[in-house]
Amino acid sequence: MEALEELPVATLPKKKGDKITEHIPETDMPRIVIIGGGFAGIELVKQLSKEEVQIVMIDRRNHHTFIPLLYQVATAGLSPGDISSPLREFLQDNKNFHFRMARVIQIHADEKEVETNLGFLKYDMLVIATGASTNFFGNKELEKKAMKLRVMSDALELRTRLIENFEEALQYYDEEQDEIEKHMNVVIVGAGPTGVELAGAIGELRSHVLPKDYPELDFSKMNIHLIEGADRVLPPMSDKSGRKAAKYLEHFGVEVSLGKLVERYEDDIAYLNDGTQIKTKCLIWAAGVKGNVIKGLRDGAEDRGRILVDEFNRVKNHEYVYAIGDVSLQISDEHPKGLPQLAPVAIQQAENLGENIIRLQKDKELKPFKYVDKGSMATVGRNRAVVDAPMKISFGGFFGWFVWMFVHLFSIIGIRRKVLVFSNWVWNYFTYNRGNRLIINKDLDDL
Ligand SMILES: Cc1cc2nc3c(=O)[nH]c(=O)nc-3n(C[C@H](O)[C@H](O)[C@H](O)COP(=O)(O)OP(=O)(O)OC[C@H]3O[C@@H](n4cnc5c(N)ncnc54)[C@H](O)[C@@H]3O)c2cc1C
Numbered sequence: 001m002e003a004l005e006e007l008p009v010a011t012l013p014k015k016k017g018d019k020i021t022e023h024i025p026e027t028d029m030p031r032i033v034i035i036g037g038g039f040a041g042i043e044l045v046k047q048l049s050k051e052e053v054q055i056v057m058i059d060r061r062n063h064h065t066f067i068p069l070l071y072q073v074a075t076a077g078l079s080p081g082d083i084s085s086p087l088r089e090f091l092q093d094n095k096n097f098h099f100r101m102a103r104v105i106q107i108h109a110d111e112k113e114v115e116t117n118l119g120f121l122k123y124d125m126l127v128i129a130t131g132a133s134t135n136f137f138g139n140k141e142l143e144k145k146a147m148k149l150r151v152m153s154d155a156l157e158l159r160t161r162l163i164e165n166f167e168e169a170l171q172y173y174d175e176e177q178d179e180i181e182k183h184m185n186v187v188i189v190g191a192g193p194t195g196v197e198l199a200g201a202i203g204e205l206r207s208h209v210l211p212k213d214y215p216e217l218d219f220s221k222m223n224i225h226l227i228e229g230a231d232r233v234l235p236p237m238s239d240k241s242g243r244k245a246a247k248y249l250e251h252f253g254v255e256v257s258l259g260k261l262v263e264r265y266e267d268d269i270a271y272l273n274d275g276t277q278i279k280t281k282c283l284i285w286a287a288g289v290k291g292n293v294i295k296g297l298r299d300g301a302e303d304r305g306r307i308l309v310d311e312f313n314r315v316k317n318h319e320y321v322y323a324i325g326d327v328s329l330q331i332s333d334e335h336p337k338g339l340p341q342l343a344p345v346a347i348q349q350a351e352n353l354g355e356n357i358i359r360l361q362k363d364k365e366l367k368p369f370k371y372v373d374k375g376s377m378a379t380v381g382r383n384r385a386v387v388d389a390p391m392k393i394s395f396g397g398f399f400g401w402f403v404w405m406f407v408h409l410f411s412i413i414g415i416r417r418k419v420l421v422f423s424n425w426v427w428n429y430f431t432y433n434r435g436n437r438l439i440i441n442k443d444l445d446d447l
C-alpha cells in the first residue's frame, strides 16, 4: 500500500505528459485536478458530478478511509473493508471522472501542471486536498520507533504489534517480569479524541478479551498509560466533557498523566519530562498533526505547516489553485488560529468550493466559506461517550454513546459498509468479543 511512497524520484519519466495522461482524453471542458481522495476530495467530486467539467483525482492510495473509526481496526473491532471504499467506486456513474493512483511530488504553478511519479499532468484548476499526517515535532527517534494512527496501514501495524506483544510475552519465564510487563504495557501520547478513544478500546480489550486469549498472563500487570501535555483530557472539547472522559478512562483502568511530555523513547523505555520512565514495547503517538503540503508552492503560501487560503479557499499568491480540508489554513476573526482539522470542516469546505466552481462557470459572485460547527464527540469504551453539541450543550454516558454510534454509522459511505459496521458492533457488544485479532505480518510468511 505504501510502495508508491518508496519510489525514488529518479524513476520519474523524463518525457512530459506520459503515463498519467494515458487514457485521459483532451476535451473542451475545464480540467479540475483534485489531489487527495479523503473527506474533502470525495465530497468535491460528489458536488461536481453533474457539471460539465473533467475531474482527475490523484491519490497515492486506491481507497478512501473513514478515519474516525480507524482505532477500531487497530483494536480488532472492525476489519479494513468495513470502513474503506475503493475510490474508483465514484467513477462508475461519471464518464468525466478519472482516477489515477499516483503520488504528487511537486506543483508547477507557472506551467499549471502537477508532477507525479507517473509523469506530468496539466490542470485548469487545481484543488489540493492532501490532508495531514502525524507530527513528531522533529523528534526522529520517536518517529522511527513509535506507532501512529493516521492511515489504514498504521491501524493494521498497530493491531499486529498489540497482539504480537502478548504472543511474545508468553515466551518469558515468570522470573522475567520486567520483560513480560514491557510487552503488556501500552503508552499512548496525547489525550485528544484519538488518544482517548484508543485508550478506552484497549482498556476494553484488557477487561474482556485478552484474559480469555492469554489465561497464562496476569493482566493486573498490564498498564495502559495516557500521557497529555495539557492540564486536562480532551483539550479541544469542553471542560465538562474532558472531566467526564477522565472519569470514564478511570473506569477502564487507564492511568492518565496530565501536564507531562514524552521526551524520548529508547530501548523500550518512554522517558517523561518529569523523570518518570515507563517500560513498553508499544508507544502510540497521537500527539499532533501537520499538513501534507506539496513542494513547489510560491512563497507565502505555506504557514504553520499548512497551506494558507482566503475565505474562498484560494491558495495565497496563486491563481486557480485551491486547498481544502486538513491541509488548508483558513484564518478568520472567529478562528484566528485557523479552523480545526476535522472531517466536517473538510466536507463543508468542499461543498462550498463545489458551489463556487459552478458559480465561476456561470460568472456569478463567489460565496465566502463559513464553518457551521455541529459539535464534536469522543467515545470511551462501551456505553460511554462525551458529546459537545451546538449551543454549548454537553452530555455523555449511554445516551452520548448512542448518539456517537448513530452519527458515525450515518457518516460511513455505502449501505453495505453501514450494515457491516453495525453488525460487527452488535456482535462485539453482546459477545464481548473482537473477531479481528489477526497478526498480519509479511515476515511470518517467509519460509
Ligand atoms: C485517528 C484519527 C481519528 C479522527 N477522528 C475524527 C473524528 O472522530 N471526527 C472528525 O471530525 N475528525 C476526525 N479526525 C480528523 C479527520 O480524519 C480529518 O479532519 C479528515 O480526514 C480531513 O479530510 P481531508 O480530506 O482533508 O484529508 P484526508 O482524509 O487525510 O485525505 C487526504 C488524502 O490525500 C492523499 N494524499 C496525501 N498526499 C498525497 C500526495 N502527495 N499525492 C497523492 N495523494 C496524496 C491521501 O492518501 C489521502 O487519501 C480523525 C483523524 C485521525 C487521524
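1 is the number of the first residue of the sequence shown in the numbering used here; add one for each residue after it.
Where a beta carbon is used, it is the ideal one built from N, C-alpha and C, also for glycine.
A quick note: this is a predicted structure, and the numbers were derived from the prediction, not measured.
- In this structure residue 377 touches residue 407 by the C-beta definition: roughly 7 Å separates them, less than 8 Å.
- Under DSSP, the beta-bridge partners assigned to residue 225 are 187, 255.
- Residue 67 has its CB nearer than 7 Å to a heavy atom of ligand 1.
- 221 is the residue among 285, 221, 351 whose C-alpha sits nearest the C-alpha of residue 180.
- Residue environment for residue 349: buried (at least 16 other C-beta atoms within 10 angstroms of its C-beta).
- Nearest in C-alpha terms to residue 194, of all of 156, 65, 288, 295, is 288.
- Excluding sequence positions up to five before and after residue 392, its CB lies within less than 8 Å of the CB of 238, all in the same chain and listed in chain order.
- For the pair residue 225 and residue 196, the CB atoms are not nearer than the 8 Å cut-off.
- Contact annotation: the segment 152–162 touches the segment 74–84, with at least three C-beta pairs closer than 8 Å.
- Three or more Cβ pairs closer than 8 Å define a contact, and the segment 305–323 falls short of that threshold against the segment 202–220.
- Closest in alpha carbon position to residue 230, among 136, 260, 214, is 260.
- With a contact defined as Cβ atoms closer than 8 Å, residue 48 and residue 354 qualify at about 6 Å.
- Taken in chain order, the complete alpha helix (DSSP H) segments of 4 or more residues contained in the segment 191–226 are 193–204, 210–213.
- Taking 7 Å as the cut-off, the C-beta of residue 344 counts as close to a heavy atom of ligand 1.
- Rounded to whole angstroms, the separation of the alpha carbons of residue 367 and residue 313 is 10 Å.
- The C-beta of residue 429 has fewer than 16 other C-beta atoms within 10 Å across all chains shown, which makes the residue exposed.
- Inter-segment contact for the segment 38–55 and the segment 392–403 is absent: fewer than three beta-carbon pairs are separated by less than 8 Å.
- When DSSP reads this structure, residue 63 sits in a beta bridge with 86.
- Look at the beta carbons and you see the segment 262–281 not touching the segment 103–118: under three pairs across the two are nearer than 8 Å.
- Between residue 213 and the set 364, 90, 142, 436, the nearest pair of CA atoms involves 436.
- In this structure, residue 343 and residue 68 form a Cβ contact; the two beta carbons are roughly 7 Å apart against a cut-off of 8 Å.
- For a cut-off of 8 Å, the C-beta gap from residue 295 to residue 105 is around 7 Å, short enough to register as a contact.
- Around the beta-carbon of residue 419, fewer than 16 other beta-carbon atoms lie within 10 Å, marking it exposed.
- Residue pairing by DSSP places residue 119 opposite 116 in a beta bridge.
- Judged by the Cβ position, residue 119 fails to qualify as a neighbour of ligand 1 at the 7 Å threshold, every heavy atom of the ligand being at least this far.
- Across the structure, residue 37 and residue 171 are spaced so that their CA atoms are roughly 43 Å apart.
- A contact between stretches requires three or more CB pairs, one per stretch, nearer than 8 Å, and the segment 377–389 fails this requirement with the segment 357–365.
- With a beta-carbon spacing of about 5 Å, residue 320 and residue 125 fall inside the 8 Å limit used to define contacts.
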